[in-house]
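Remarks on the structure that follows.
Protein chains in written order, with my numbering: chain A, 4 to 299; chain B, 1012 to 2071.
Dropping the structure here:
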């Protein structure tokens, strides 16, 4: 099923335009929503998840008119917000049973079955009797996935799920998502480019409430072939470099020298070597162009 | 540092709209209250009488203090919030690492919030003074403005109290980091305080309560509780030792508490935990490998049907309910009020130191504390349930679930219902346990269930609906709670009455309580109106719930405008239709009630009644001394139909002209039952006043002195309607009397005694009663102006299973048409007062000398029969020995339902006695101070057979001393014979206290006992003290000898009061 967003806009009370005429079509598979903090990712996701009402626009998922028929969408929705809490003094098992009831699993045995399964999947079965509010960050995030799975969702929205996870947790988390993403629509927001690179079939870059680019990771990097250059300079040369070139990133090396990557359709000069385009480059180019639009 | 934090806090409040809302609210309330007490609404209500100066120092103090106490409810959300704010916003994680001292932090937080409270309270004072000076207030009720009483109340009472309660709440919130804990502490404090004050209500303990009641109000009471009206009007509240000690003590405690906070507070990330078991530390590691799994979810069924939603609603409510019952504030509150309920069972509702049997209706009379606990828990948890998801930050998950809003909303309402059921169940368990403890095994489980789970629950359920509505609209639980509580206070007290709202249909949840259960007659006629009103408010409740549903916030809702637009979008055609139908049902029910109460049963407002009384007096006053014949003989035929709640009365008077002049006109005053009258001499009806129920007849031929005329009359019942009780007949336990049924002869002034009010209406000043030296008044009987002594005969019929009783001796008893008839006839002259009782009675008989003693009682109410018998014998013996022989050959005590009240009354050889007055006394002879009142009241009533039925005063000042004071004296003397002199002091102490407290509210002024105009605090309490003292001073023998001489002179004669 396909999620279609048309001309979606939302301005907050404080004057911030969080969503600015967004148009998107998202099909089955993993869709990565990349953007810096404050780009409007959460606003967009909350709106799709029926938790926020836009000022204008339309969202459909299959034949569900999302904004009109909240309930139908919620039936097929799995949502993991950026941050969430849990009722204190409730074990994972009880809390999941509670959620399963809310998600319409009516028979007790069915609930038990599915709760056990999602606990297994998220590797929480051992600690199912422990209070969730005592879980570590990674465990809580896995619990979030567990609750998301309870209604066998068709549309899965996960908002910056990997922030703050240790490498092992992150890896496990992405694997589970990937596994579900093969047959369903998964929208996945992050500000970590790696996440998108590793598992998304499609992606969009969002900043200031607008979609800057809507593509696939491979396409995007291929398109940049031969346009990314890198060189090593000293700290004192940096300002000059930034003035002359389109610097995408600059990173310290261990010997206090700096590696810079620049964006240029031709080789700038002999010190530069051609670099393999990374998704990071795509991201930074998009943001950079957006910034220059704002400046002009 | 202190000033930075302090200023920052103040700025926060001054920018917060809630501060201005509080100020506005309290300003309005206090203006309204003071203006009302100063008579601004007089045009809507009755005239305030003389003498109550609204802004006297004492009354300003009372009002100011009372309103300030309501502000205490805000402490958790103002003073507690000052520190909680840092935890809630997690500012403390940063703030507590900053370089300021905890003294700076704590003092700044505490004093800034205290200052905010002080400012709000200040506006109460300002509001009061504005209210008193508004145009339209009655200048008679006001004194010149003086700042002193305000200052005194503010500085001596309010400021220390704010510091004390503020410190306690501050301490609790600092240590628990939870507002609700502060709130619970506050509730517990209030319960504790009121329970202790109630427990030590005995006059002996006033000093102790004065010292230990932290509000300082009991300390003031200690000095001013016996103040007379003029003292209350003029004197400044004294600042004396006890008040100073009390203030010092509790300010000291406040400082101590703050000291403790200072000592133990730490700039910690974690709150201080009190844990009994130490958790064992354990090294925790998690598995970091093996991360690829196959996601294959099992097949389960999803059900999104309406039925399933209902099931989910129930399940969610159980989860919410579990949350409530496990939350510490709830447990503490419930435990607290259960303890207070037990104390009440043990100590409370004693009558003059004697407890009553734990009959079920008394167990169910669980008092205001428990009721308030249920109400407050309902208000509080409506908010907590609404905010719970948000506080735990789980709301964003829950809100994205495929569940309709109404399921979430309704589950909260049901959870509140369940909480109320639990609390009501606790009452039942406590009640039954107490009954078992007391060895009372007549369990009426059905009565418990019906009253708690149906009658009481309906009332609380309606409040739950209102609470859900308000707490859904208001985002802050404590502000919601405050608003709800204000509404509760407003509709549950007399405030609306004062400002002219008198109809129940305009006051939420009014009319849904007020049943009266009697062991004899059950709920009688009181239920139908409760059910109608409950239905009416339930319809309103549905509208509230729909309203809550429209504005229920789901997901992220920004502005108020957005909420409105969401509400509008949810207002679908279907909803609109539903709202339409319910609104129509609600309004039409309301209209029917209004119509029934105001058109069908038009009842004048208090204000109109006052005018009517004035008009009547102006019209008829000139006839007051118009010569009228006197009733000499009464024959009554009364048919009581207990099942049908109906009666039919036929009566006959023989009227004799005892005056020295011919009588040309007859005046007949009757009651509001349909009546007919017929004289046996030709006459014309000159005037018929159906409003006052007063007819004037002109006799065609004047009635010459000594001549007589016969009056035949009939009185018919007015049947009850679904909302209003008109019939005086009960299914079991009918008690009717002559005052209520029979017509009287002649005009007698009624009502308006207050001098100022009379002046306002241009009525002449009158004495309340004639002075005994006024010989013209001496010809009139104090109890019945239209009769001296009469012959009496009555035939009473009732249903077959009941016994009917009237004064006189049973001549004949027979059954006719499946009804039981009793013919009674008195063998000698008696006063023109008589009663009729009918019920399914058990009878206990005994004999004293030649006198037959009988008690007609309700089955099961047999615990006090022996004491009553003993009381009858003792009183018969004492009166006979000292005064004169008993005039009858029989005396009967007859139980009647408490529906009619809690009293006993003496009629010729007949004493109707309320079921709640002596039949359920639980006398413990070891109780010090508790006096056997089953015995005592019986003795008093039997004494009336002499002191009323043998010696009756004229209609002049002092008449009631002859009846009540001497009967009280006899009661004391008979008790003294059984229980010894030393036990009488307890009784006399109560009498003294009752006398002094009674005097407090007497606006008519106190005359010497000999010339009293009838105040009960004088004729009973002061009378008992005076006669008992007299018997001490001149000796019991001498006093009784004097009384004996007096009886001999006046016995069954006409009216003297001079007792020398």
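Each residue gets a CB set at the ideal place from its N, CA and C atoms; glycine is no exception.
CA nearest to the CA of residue i, picked from the options
| i | options | result |
| --- | --- | --- |
| residue 1049/B | 1133/B, 1147/B, 1135/B and 1085/B | 1147/B |
| residue 1068/B | 1813/B, 1984/B, 1140/B and 1086/B | 1140/B |
| residue 1728/B | 1721/B, 1657/B and 1764/B | 1657/B |
| residue 2058/B | 1400/B, 1261/B and 1954/B | 1954/B |
| residue 1667/B | 1221/B, 1138/B and 1721/B | 1721/B |
| residue 1209/B | 2010/B, 1197/B and 1223/B | 1223/B |
| residue 1842/B | 1784/B, 1919/B and 1804/B | 1919/B |
| residue 72/A | 1762/B, 1414/B and 1398/B | 1414/B |
| residue 1903/B | 1887/B, 1911/B and 1891/B | 1887/B |
| residue 1117/B | 2046/B, 1149/B and 1020/B | 1020/B |
| residue 244/A | 128/A, 256/A and 265/A | 265/A |
| residue 1504/B | 1016/B, 1519/B, 1492/B and 1491/B | 1519/B |
| residue 1550/B | 1590/B, 1560/B and 1532/B | 1590/B |
| residue 216/A | 34/A, 258/A and 21/A | 34/A |
| residue 1948/B | 1963/B, 1935/B and 1981/B | 1981/B |
Range covered by the beta strand (DSSP E) that runs through residue i
| i | result |
| --- | --- |
| residue 1712/B | 1705 to 1714 |
| residue 1902/B | 1901 to 1907 |
| residue 1771/B | Looking at the DSSP string, residue 1771/B is not in any beta strand (DSSP E); the run it does join, the alpha helix (DSSP H), is 1766 to 1771. |
| residue 33/A | 32 to 37 |
Bounding residues of the alpha helix (DSSP H) (the contiguous stretch that carries residue i)
| i | result |
| --- | --- |
| residue 1540/B | 1538 to 1562 |
| residue 1195/B | 1190 to 1210 |
| residue 1822/B | Not the alpha helix (DSSP H): residue 1822/B falls in the beta strand (DSSP E), residues 1820 to 1827. |
| residue 1662/B | Looking at the DSSP string, residue 1662/B is not in any alpha helix (DSSP H); the run it does join, the beta strand (DSSP E), is 1657 to 1667. |
| residue 1637/B | Run containing residue 1637/B: none; DSSP gives neither H nor E here. |
| residue 1488/B | 1488 to 1503 |
| residue 1593/B | 1584 to 1606 |
| residue 189/A | Segment 188 to 193 is the beta strand (DSSP E) holding residue 189/A; no alpha helix (DSSP H) there. |
| residue 1409/B | 1406 to 1410 |
| residue 1483/B | 1468 to 1484 |
Per DSSP, cross-strand counterpart(s) of residue i
| i | result |
| --- | --- |
| residue 1132/B | Paired residues: none, contrary to the question. |
| residue 25/A | 11/A |
| residue 2018/B | Note: residue 2018/B sits in no beta bridge, so no partner. |
| residue 1834/B | 1806/B and 1823/B |
| residue 264/A | 233/A and 252/A |
Interface residues of chain A facing residue i [CB-CB closer than 8 angstroms]
| i | result |
| --- | --- |
| residue 1319/B | 107 and 109 |
| residue 1412/B | 77, 102, 105 and 106 |
Within chain B, the residues that residue i reaches when beta carbons sit closer than 7 angstroms
| i | result |
| --- | --- |
| residue 88/A | 1403, 1404 and 1405 |
| residue 15/A | 1569 |
| residue 113/A | 1311 and 1312 |
Chain-ordered chain A contacts of residue i [CB-CB under 7 angstroms]
| i | result |
| --- | --- |
| residue 1567/B | 49, 54 and 55 |
| residue 1183/B | None at all; the shortest Cβ gap to chain A is about 19 angstroms. |
Interface partners of residue i on chain B, CB under 9 angstroms
| i | result |
| --- | --- |
| residue 91/A | 1403 |
| residue 69/A | The contacting residues do not exist; residue 69/A stays about 12 angstroms from chain B at best. |
| residue 195/A | The premise fails here: residue 195/A is roughly 18 angstroms from chain B at the closest Cβ pair, so nothing lies under 9 angstroms. |
Min CB distance residue i to chain E below 8 angstroms
| i | result |
| --- | --- |
| residue 154/A | No chain E appears in the structure shown, which is made up of the protein chains A and B. |
Proximal chain A residues relative to residue i, where beta-carbon distance stays under 9 angstroms
| i | result |
| --- | --- |
| residue 1314/B | 107, 108, 109 and 110 |
| residue 1323/B | 104, 105, 107 and 109 |
(message) At 3 residues or longer, what runs of the beta strand (DSSP E) sit wholly inside the segment 1855 to 1942 of chain B?
(response) 1862 to 1868, 1901 to 1907 and 1921 to 1925
(message) Give the list of continuous alpha helix (DSSP H) stretches no shorter than 4 residues that lie fully inside the segment 92 to 163 of chain A.
(response) Runs found: 95 to 105, 111 to 124 and 140 to 152.
(request) Output the residue ranges of the alpha helix (DSSP H) runs that lie fully inside the segment 1937 to 1978 of chain B and measure 4 residues or longer, sorted by chain position. (result) Inside the segment 1937 to 1978 of chain B, DSSP marks whole alpha helix (DSSP H) runs of 4 or more residues at positions 1944 to 1954, from first to last along the chain.
(request) Could I get the ranges of all uninterrupted alpha helix (DSSP H) runs contained in the segment 1018 to 1051 of chain B, with 4 residues as the minimum, in chain order? (result) 1028 to 1048
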